[in-house]
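For reference, the structure is listed below as structure tokens.
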Amino acid sequence: MYTGIPQLPDLTHPNELLEFGSQGIQLAVKLGLFLIAFGVVLALINGSNRRQSQDFLPILKTSLESYILWLQKLPHFVLLIVILSSGFFLCSTLANRYHHWEQEQVVQVSNTVAGERLEQAAPRIRYQVEESYIKYTWVDGRQVEEPATRLVDRYLAIAASQVQVKIDQATDPATRKLIYSVGLTGEYEVTNLLKNGENFFFEAYPPYGYSVLQDFQVEQNGQLLNQVNPGDYGFPFRLAPGASARFQVTYQAQGAPRWVYQPNGQALSDFRLTILANFAKADFAGAIPTITREGDQQRELTWIFKGNVSVQNPLGVFTATEPISNTGILPRLLLLAPAIFLWWILLLYLSMPMKLKDVAISAGIFFACLLTLTYGSRLLAAPMTWGLITPILMGLSWGLGGDRQTRIGVLICTLSGLILPVFGLLIPYSGLTLSLAGLLSGIWISVRNGYGYHRG
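Going by my numbering, the first residue of the sequence shown is number 50, and it counts up by one from there.
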């Protein structure tokens, strides 16, 4: 079972949700007690030393004033901590879910072409010769050498091969896997190059890995050869010295979406293999085809070897799938999203007086756009989805400012602190885009605080 990205929090897991909740409550209680205790201690010290040391009093007074001022800003700090921590868990959950969805897409695509392959082995011409050898036996405790003979298999090279294959493709409605329907016609010429007449066996086996095999036939010089024993695909014939015979192998088969012709290390002479694939995305396997013809929803591949050639890898056709690229980009963005939000909020704090409701509204806008990007990118490319979200984000950000001058500043902060960083993590030129965002942010802060740009 798939569990997601290892060691990454996922709030869809109940045990993790309960654990994070209990830890968050304990941390909040401890922080609250610490703040109360710290304030009480400062107040007691101030009261006890008010009459004893007039020099020490200003230090305590300053400390209390700083403490009160810090308490006034505490709600902003607490709100940001809550938003960042909650946002991290939300983004980690979304990253897990999106990673899971990406892996499912990869599995679905791979399942359509997964499984065994239809492999057609080249026929072999076998004959037997007597071979002398020494047989060792034991007689009365002594080893005795005895001459003997035995039959040894030898193989004759095929003089010419003309193989034509037609492949149609269908989809299994139950499993959504692709199925090949293959029709093969192979013509082979055999010439006896031996000095004497010999009894041969034409061994032509059906394809390996088929689910259905129909009309498997072997003919010699136009005469059908009958299979005597089930499972025995060796057909006997005799040739005089220098004589030739022609064989034809035909069949219809169904199987996995990959068909290959396996020479099995044989030397191919006057070889021609033509495969007509009546479907799109047909690609070759093994050696590069000699001739390739493209048609409307079909492709014809031809391998031609006039002389003597040895082919190590099988020759054939498979269905190419669309490349699955840009995986893992959105999960990476989601994990970095809290940092992008923090950068955007800091730019806003440096550009305008932020209230608690402004921080909350900004957080709602940010994570709503992020959620839209996560699920919208399942339908469109992520950069295109973010491009469609950008005008909506700019329009929502416009309402954060109180006047026209402040709103323009908010738009600049949104562009440099949010829109460009997200784009930078979605497109290939991440470094350049992030550098541009950082430069624009620095220019804006410099203009805003050092060159006379004042709040309206």
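No residue lacks a Cβ here, since even glycine has one placed at the ideal position from N, Cα and C.
Distance between Thr376 and Thr224, taken at the CA atoms: about 25 Å. Shown here for Glu195: same chain residues with a beta carbon closer than 8 Å to its own, the five before and five after excluded, namely Ile183, Lys184, Tyr185, Thr186 in chain order. One Cα belongs to Leu317, the other to Val239, and the distance between them is close to 12 Å. Here Ile353 is bridged, per DSSP, to Arg321. Here Gly232 carries a strand assignment [DSSP, helix/strand/coil]. The beta carbon of Phe328 sits closer than 6 Å to those of Gln218, all from its chain and outside the five residues before and after it, given in chain order.
For Ile353, the CB contacts under 6 Å within the same chain, skipping 5 residues up- and downstream, are Arg321, Thr339 in chain order. In the three-state scheme derived from DSSP, where H, G and I count as helix and E and B as strand, Lys215 is classed as strand. Straight through space, the alpha carbons of Val267 and Ile174 are spaced by roughly 14 Å.
Take Thr299, set aside five residues on each side of it, and the residues of its chain with a beta-carbon closer than 7 Å to its own are Leu233, Thr234, Asp264, Gln266, in chain order. C-alpha of Val471 to C-alpha of Thr455: approximately 23 Å in a straight line. When the beta-carbon positions are compared, Leu227 and Pro172 stay at least 8 Å from each other. When C-beta atoms of the region 134–151 are compared with those of the region 411–422, three or more pairs fall below 8 Å, so the two segments count as touching. Asn248 has Arg287 as its beta-bridge partners, per DSSP.
If you check the CB distance, Leu288 and Phe249 come in under 8 Å. Listed in chain order, the non-local C-beta contacts of Ala386 below 6 Å within the same chain comprise Cys140, Leu419, local neighbours out to five positions each way being set aside. Nearest to Arg295 by alpha-carbon distance, out of Ala86, Gly365, Gln211, is Gln211.
Non-local C-beta neighbours of Pro290 in its own chain, meaning closer than 7 Å and more than five positions away in sequence, comprise Asn241, Leu243, Lys244, Asn245, Gly246, ordered along the chain. Taking all protein chains shown into account, Phe367 has 16 or more neighbouring C-beta atoms within 10 Å of its C-beta and is therefore buried. For Pro402, the closest alpha carbon among the candidates Tyr204, Thr351, Gly450 is that of Gly450. Looking at the backbone, the Cα of Glu153 and that of Arg146 are separated by about 11 Å. In the structure shown, the three-state DSSP call for Ile174 is strand. Restricting attention to Asp332, Tyr229, Leu205, the CA atom closest to the CA of Tyr237 is found in Leu205.
Residue pairing by DSSP places Leu262 opposite Ala302 in a beta bridge. Judged by DSSP in its simplified three-state form, Thr376 adopts coil rather than helix or strand. Scanning its chain for C-beta atoms nearer than 7 Å, with the 5 sequence neighbours on each side dropped, one finds around Leu273 the residues Gln266, in chain order. Pairing Leu325 with Lys215 gives a Cβ-Cβ distance under 8 Å. Pairing Leu143 with Gly458, the inter-Cα distance amounts to about 31 Å.
Looking only at Gly190, Asn498, Asp319, Val131, the smallest Cα-Cα distance to Ser400 is reached by Asn498.
For Gln454, the enclosing alpha helix (DSSP H) starts and ends at 453–463. For Pro440, the closest of Tyr424, Leu464, Leu429 by C-alpha to C-alpha distance is Leu464. Note on Phe83: under 16 other CB atoms within 10 angstroms of its CB, so exposed under the neighbour-count rule. In summary, Ala77 is exposed, with fewer than 16 beta-carbon neighbours lying within 10 Å of its beta-carbon over all protein chains present.
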